[in-house]
Amino acid sequence: MNTVTTLLSRLRQRAFTASLGLGLVLGSCNVLDYTQQDAILEDVVYTDASRIALAVTGVYDAAQSGYYNGNNANSGVRGYPFGAASTDLGDARGEDITDIANFFGLVYSNTIGNSSPNVVYMWANLFTLVNKANVTIAGIKQAQANNVISASQETAYEGELRFLRALAYMELVINWSKPYTDGNGANLGVPYRDTPVNTTAGITSAGNVDRGTVANVYEKMLVDLDFAENNIPTTATGKTRATKGAAIALKQRLNLYKGDWAGVIREGNKLINGTATFTSPIGGYTLAATQRAAFTGSATTGESIFSIENSSTDNASTNGGIGSVFGNTATVANGGAGGRALLAISPTLYNAPFFTCNDLRRTQMMQVDVSRYVSRKYLDGATNTDYNPIMRYAEVLLNQAEALSRTGQEAQALALLNAVRNRSVAAADQYTATTAPAGDALTQAILNERRIEFVAEGLRWGDISRLATDTKFAPYPGGGIPAKYWGQTAGNIALTRYSCGTGAPAGVKPGVDAIPYKGDPTSYLFLWPIPVAETQLNPKLTQNPGYGS
38 MNTVTTLLSR
48 LRQRAFTASL
58 GLGLVLGSCN
68 VLDYTQQDAI
78 LEDVVYTDAS
88 RIALAVTGVY
98 DAAQSGYYNG
108 NNANSGVRGY
118 PFGAASTDLG
128 DARGEDITDI
138 ANFFGLVYSN
148 TIGNSSPNVV
158 YMWANLFTLV
168 NKANVTIAGI
178 KQAQANNVIS
188 ASQETAYEGE
198 LRFLRALAYM
208 ELVINWSKPY
218 TDGNGANLGV
228 PYRDTPVNTT
238 AGITSAGNVD
248 RGTVANVYEK
258 MLVDLDFAEN
268 NIPTTATGKT
278 RATKGAAIAL
288 KQRLNLYKGD
298 WAGVIREGNK
308 LINGTATFTS
318 PIGGYTLAAT
328 QRAAFTGSAT
338 TGESIFSIEN
348 SSTDNASTNG
358 GIGSVFGNTA
368 TVANGGAGGR
378 ALLAISPTLY
388 NAPFFTCNDL
398 RRTQMMQVDV
408 SRYVSRKYLD
418 GATNTDYNPI
428 MRYAEVLLNQ
438 AEALSRTGQE
448 AQALALLNAV
458 RNRSVAAADQ
468 YTATTAPAGD
478 ALTQAILNER
488 RIEFVAEGLR
498 WGDISRLATD
508 TKFAPYPGGG
518 IPAKYWGQTA
528 GNIALTRYSC
538 GTGAPAGVKP
548 GVDAIPYKGD
558 PTSYLFLWPI
568 PVAETQLNPK
578 LTQNPGYGS
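Read in order, the letters of the sequence shown are residues 38 to 586 in our numbering.
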């Protein structure tokens, strides 16, 4: 990332001089300032192999840190989309985290509108990432045709870029569209663009793209990831570049979101080998001995599959960095230095009966901060150097466990669940052949484990969304966003509200009401609105119901 900081400092400014997803990308693709010279025109960039390498790296930077401008004109970089914001907002949309300082209040309280900054700039930065990927794909194809780079180098770069494009569209479709499981993908998707918006013709074409369907978006994401799997390397230094294993893991997640259990199992089988201790034959991924050992700050481990790099000079800032947002406000031993504790662990999760009292994740991964418990996953709240973990091997195993459980393959499902769970729970709490849940209870146990294992990693919203139509396992009866205990509501958050295994705090009403998926006047809030400036630019975009035009 840091090698292109200069390149992108001006690029970010240009990228957001227009309005949003379509408008803003127009300024993001005509120049690449890769040195302190004023400008390198696009047609010059793709005449030199070293500049092409920088251009590809620049697309990763777009994934890490785009532009944000809040209600108080506090503009800057906040890790949109994947440097931090996907994690911050993915948990803020759910019930297992509580918003303490009202910093993510609009998202947390389900009161967003079509000009709310979090929604506006997530949409904007995701489409900027998409367009930068598209521009660079076109450029490297031309470079290969001109013999500037080899055919194998072109397809490897293209695979990385198509991986990033799929990652962006995944975030778009789970936030702005109904889940695939509602109508088998027949509902409105998001505008899919796979050509550059860097010419007059490109601008005109992009301004006439409608939303298509959810199924169409998933189909294109999976095609991109098939290409990536077949063309990118098996390993990458630092695990902050796309790899074959990362492409497979993302395909597995997308199939989970689709409810395609056979697809989940097919992709998972490529990455899982073993019977009790599991290792991936591709990439060598394996579980760390403890969850604490899987989170080492500005580095990756054998459990890491793909992370977004942050550094002391290139990060999501004190207003967005995952260390700052989730970290302890005090300097304490073994991590938690300098954070702001803007998002804390909710009593909803901490008190859940399925979260056993002797679970190491209570002591190793959580700690008291004033009047609440906060996550200890991220160690550097002062300079925000923690890498953002987009995919870990634990997710691959639990994805596979759920799909196997739902298809009656319970022995292997239990083995995979135990591999993740047993590194944290006391021996007396481990499942055995005689104490293990079975049938629907096993599937529920796997879903519960996801909540404990992935809290503060941004995965909660994906589960709430995909389970909205699940008649057995929806986290809110009938589907929807569960009620939440809010730090802005008097009496909701205090240390006395946290008590292992006791369930909901007695006599305390949640500060944020549930949002039913269907049939309620508030149900429209389940989906985010398309930013108003975007619908003004492209009249073919149908706004989500409840948000006007």
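In this text, a Cβ means the ideal position worked out from N, Cα and C, and glycines have one as well.
{"Check": "Gln-181 classed as buried or exposed, judged by whether at least 16 other C-beta atoms fall within 10 angstroms", "Outcome": "buried"}
{"Check": "Inter-residue spacing [alpha-carbon to alpha-carbon] between Ala-100 and Val-227", "Outcome": "18 Å"}
{"Check": "Thr-422 (DSSP reduced to helix, strand or coil)", "Outcome": "coil"}
{"Check": "Terminal residues of the beta strand (DSSP E) in which Phe-119 lies", "Outcome": "Note, Phe-119: premise wrong, no beta strand (DSSP E); not H, not E."}
{"Check": "Classification of Ala-493 by the beta-carbon crowding that lies within 10 angstroms, buried from 16 upward", "Outcome": "buried"}
{"Check": "Top-ranked residue by Cα proximity to Asn-529, from Arg-248, Arg-409 and Leu-198", "Outcome": "Arg-409"}
{"Check": "Best match in Ser-354, Asn-183 and Ala-336 for proximity to Gly-103 [C-alpha to C-alpha]", "Outcome": "Ser-354"}
{"Check": "Residue environment, Asn-184, which counts as buried when at least 16 other CB atoms sit within 10 Å", "Outcome": "exposed"}
{"Check": "Reference Ala-367; option with closest CA among Leu-386, Arg-413, Ser-383 and Gly-334", "Outcome": "Arg-413"}
{"Check": "For Ala-367, three-class secondary structure by DSSP", "Outcome": "coil"}
{"Check": "Straight-line gap, Tyr-229 to Lys-257 (C-alpha atoms, nearest Å)", "Outcome": "9 Å"}
{"Check": "Local conformation of Leu-496 per DSSP, three classes", "Outcome": "coil"}
{"Check": "Sequence-distant residues of the same chain with beta carbon closer than 8 Å to Trp-498, five excluded per side", "Outcome": "Leu-126, Gly-127, Asp-128, Arg-130, Gly-131, Ile-211 and Asn-212"}
{"Check": "Test item: CB-CB of Ala-505 and Pro-216 under 7 Å", "Outcome": "yes"}
{"Check": "Stretch-stretch touch, CB-based, cutoff 8 Å, three pairs: the region 388-402 with the region 426-443", "Outcome": "no"}
{"Check": "Rounded straight-line distance, which links the Cα of Arg-290 to that of Gly-222", "Outcome": "16 Å"}
{"Check": "Under the three-state DSSP convention, the category Val-405 falls into", "Outcome": "strand"}
{"Check": "Contact set for Leu-166: own chain, Cβ-Cβ below 6 Å, skip 5 residues either direction", "Outcome": "Ala-99, Ala-100 and Ala-205"}
{"Check": "Where the beta strand (DSSP E) through Leu-380 begins and ends", "Outcome": "380-382"}
{"Check": "Nearest to Ser-348 (by Cα), restricted to the options Gly-418, Leu-293 and Thr-323", "Outcome": "Gly-418"}
{"Check": "Outcome for Pro-582 when other beta-carbon atoms lying within 10 angstroms are tallied against a minimum of 16", "Outcome": "exposed"}
{"Check": "Residue from Pro-474, Val-156 and Glu-432 with nearest C-alpha to Ile-302", "Outcome": "Glu-432"}
{"Check": "Alpha-carbon to alpha-carbon, Glu-304 and Trp-298", "Outcome": "10 Å"}
{"Check": "Residue(s) in a DSSP beta bridge with Pro-553", "Outcome": "Gly-517"}
{"Check": "Ser-586, buried or exposed, once every other Cβ within 10 Å from all chains shown has been counted against 16", "Outcome": "exposed"}
{"Check": "CB contact flag (Leu-262, Leu-287, <7 Å)", "Outcome": "yes"}
{"Check": "Expected contact under 8 Å - CB spacing of Ile-174 and Glu-195 to nearest Å", "Outcome": "6 Å"}
{"Check": "Arg-199 - DSSP class collapsed to helix/strand/coil", "Outcome": "helix"}
{"Check": "Pairwise C-alpha distance: Arg-398 and Val-457", "Outcome": "12 Å"}
{"Check": "Close beta carbons around Thr-480, own chain, < 7 Å, minus the five adjacent residues each side", "Outcome": "Glu-439, Ser-442, Arg-443 and Phe-510"}
{"Check": "Counted within 10 angstroms of its Cβ, other Cβ atoms place Gln-588 as buried (16 or more) or exposed", "Outcome": "Since the first residue of the chain shown is 38 and the last is 586, residue 588 is not available in this structure."}
{"Check": "Residues bridged to Leu-287 [DSSP beta-bridge criterion]", "Outcome": "Answer is none; Leu-287 lacks a bridge partner."}
{"Check": "Extent of the continuous alpha helix (DSSP H) to which Ser-17 belongs", "Outcome": "With the chain covering 38 to 586 only, the question about residue 17 has no answer from this structure."}
{"Check": "Proximity of Val-96 and Lys-169 at Cβ, strictly below 7 Å", "Outcome": "yes"}
{"Check": "Own chain, CB closer than 8 Å to Pro-474, minus 5 neighbours either side, in chain order", "Outcome": "Tyr-468, Gln-481 and Ala-482"}
{"Check": "Integer Cβ distance of Gly-320 from Gly-282, believed to fall under 8 Å", "Outcome": "3 Å"}
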